[in-house]
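First to last, the protein sequences are chains U and W.
Heads up: the first sequence begins at 1 in UniProt numbering, then just goes up one per residue.
Heads up: the second sequence begins at 1 in UniProt numbering, then just goes up one per residue.
We put the beta carbon where it would ideally sit given N, CA and C, even for glycine.
Owing to the predicted nature of the structure, the values given are computational and were not obtained by experimental measurement.
Heads up, the thing below is written out as structure tokens.
There are 2 protein chains.
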Amino acid sequence: MSVAPEPSATAYAPTARTVPTRSKERAGYDRALVHSILDGAYVCHLGFVRDGAPVVLPTLYGRVGERVYVHGSTGSRPLRMAGQQDPGLPVCLTVTHVDALVLARSAFHHSINYRSVVIHGIAHQVTDLDEKRLALDALVDHVVPGRAADSRPANAKELAATAVLSLDLAEVSAKLRTGGPNDEPEDLDLPHWTGLVPLRQSHGPLVPADDLADGIDVPAYLRDL
Amino acid sequence: MSVAPEPSATAYAPTARTVPTRSKERAGYDRALVHSILDGAYVCHLGFVRDGAPVVLPTLYGRVGERVYVHGSTGSRPLRMAGQQDPGLPVCLTVTHVDALVLARSAFHHSINYRSVVIHGIAHQVTDLDEKRLALDALVDHVVPGRAADSRPANAKELAATAVLSLDLAEVSAKLRTGGPNDEPEDLDLPHWTGLVPLRQSHGPLVPADDLADGIDVPAYLRDL
């Protein structure tokens with residue numbers, strides 16, 4: 001079983017690809033910050049190159065230490081490509097939270113407050129069965145923490161039909177904007193309302209499946225969401 | 001001024017890139033569906049190829065008819081690349097909504113309900129000033145409809161500092177999953193709770209800027225959000 005790399009410091013080392021050309025003050029490399037952004041979203045956007053052109057697909061993911069996993073059918077394009085290419089598939093995996101709309105007096109200074117993580121690297125197909133099971137548990141627990149232990153694990157047929165890609169957290173950066181609008185001094189007297197529109201994601205009331213048997217209570221990990 | 005293409009039918013024509021290899025029943029090409037998914041999200045994920053590797057960045061966007069626009073500093077990488085490359089920059093622009101977590105009895109059938117749009121194409125730098133102004137209005141109105149008319153438009157200096165890319169809606173598909181979990185018949189008696197956890201995005205209370213002058217009321221287009 002391949003083992004995810006141990007963190008050697010509290011921050012990722014910046015590289016040419018992870019230092020932005022502008023708004024450098026918005027970039028961050030702290031591991032705890034990167035982990036918190038990754039752990040708080042449901043989907044990532046996975047980019048890869050196919051026939052010379054970019055492809056960006058939304059997909060579920062999970063994190064185990066310094067490694068993220070995505071999965072899919074063994075027949076899906078990026079998963080097949082990663083298994084066929086040596087040493088793997090160059091990818092860019094991006095996760096974004098939109099926290100607020102930033103309404104400035106000038107159109108130019110309109111913006112959003114956001115937190116994002118961009119991971120560059122080579123995705124490898126996971127062939128070790130133990131790591132594959134660990135990754136699939138992480139994917140389910142990423143959706144709802146505690147859920148993997150309260151569901152039937154994949155059987156041999158399902159494991160064989162599922163491909164898993166791993167991507168190490170090595171070339172990684174966070175980027176975020178916080179705070180209010182930044183208008184030009186000469187615009188401060190303009191008569192436009194200015195400020196933030198915060199955005200919130202919440203869980204609606206649970207919708208039990210039509211065929212849920214009587215007597216199965218909502219588990220604690222769902223009540224606590 | 002370049003004019004966005006007129007729609008020739010109520011649906012986009014599928015291409016080799018927009019027909020999925022699996023779950024074909026989840027794919028859609030209806031223009032109204034694609035437009036509604038595009039119009040309801042705040043950020044897209046823009047993919048392009050740099051030095052042979054994929055890059056995926058979150059960014060704001062706006063739609064005018066059958067064309068989407070993104071913008072950025074004239075110094076930012078994809079915007080610079082689109083201006084330097086002939087005939088433009090190959091991109092993939094993806095927008096995703098996560099509507100619900102799907103908790104099946106088996107780990108294998110866990111999923112999410114989502115709506116996404118993937119646009120493949122060549123992004124061009126907008127050089128016509130009228131189209132640039134139209135695009136910037138669309139970007140601001142995409143964040144909050146009605147806002148462009150209630151903010152100071154970009155001046156000549158700001159227009160010169162901003163690059164805008166256009167991407168026609170030609171090679172486009174939507175993909176969506178709806179409905180409850182799909183467990184295997186042999187799993188129906190397992191004792192795990194099963195159903196949907198709906199997700200909702202809402203607006204929190206407005207946060208006026210620290211320097212907002214007295215007497216400027218919250219405009220109607222913000223009260224109605």
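- Task: Work out the CA separation of U/H142 and U/N182 for me, nearest whole Å.
- Result: 36 Å
- Closest by CA to U/P153, which one among U/V140, U/V144 and U/P145? Closest by alpha carbon: U/V140.
- Message: Taking beta-carbon pairs under 9 Å, can you tell me which members of the segment 194 to 209 of chain W lie near chain U?
- Response: T194, G195, L196, V197, P198, L199, R200, Q201, S202, H203, G204, P205, L206, V207, P208 and A209
- Should U/P145 be labelled buried (16 or more other beta-carbon atoms within 10 Å of its own) or exposed? exposed
- Item | Alpha-carbon spacing of W/L165 relative to W/A123, whole angstroms | 6 Å
- Query: So which residues of chain W does U/R152 contact, with C-beta pairs closer than 7 Å?
  - Reply: R105, S106, A107, D187 and L190
- chain U partners of W/I112, CB-CB under 8 Å? Y42, V43, L60 and V143
- Own chain, CB closer than 8 Å to W/I112, minus 5 neighbours either side, in chain order: Cβ within range, chain order: V98, D99, A100, L101, V102 and R177.
- Item | Span of the alpha helix (DSSP H) around W/E131 | Per DSSP, W/E131 belongs to the alpha helix (DSSP H) from L129 to V143.
- Query: Taking just the CA atoms, how far does W/A161 sit from W/S76?
  - Reply: 11 Å
- How big is the Cα-Cα spacing for W/G195 and W/V43? 29 Å
- Item | Of the residues U/S173, U/T74, U/G179 and U/E186, the one placed nearest U/A32, counting alpha carbons only | U/S173
- Going by DSSP, name the residue or residues bridged to U/P198. U/A100
- Just the C-alpha distance for U/V207 and W/V19, rounded to the nearest angstrom, thanks. If you take the alpha carbons of U/V207 and W/V19, they lie about 31 Å apart.
- Query: Should W/T94 and W/H45 be called a contact, given that it needs their Cβ atoms to be closer than 7 Å?
  - Reply: yes
- Reference U/D211; option with closest CA among W/F48, W/A104 and W/A135: Among W/F48, W/A104 and W/A135, the Cα nearest to that of U/D211 is on W/A104.
- DSSP bridge partner residues for W/F48 (one or two, in chain order): W/V55
- Reducing DSSP to helix, strand and coil, say where W/G62 ends up. strand
- chain U beta carbons: is any one of them nearer than 7 Å to that of W/R22? yes
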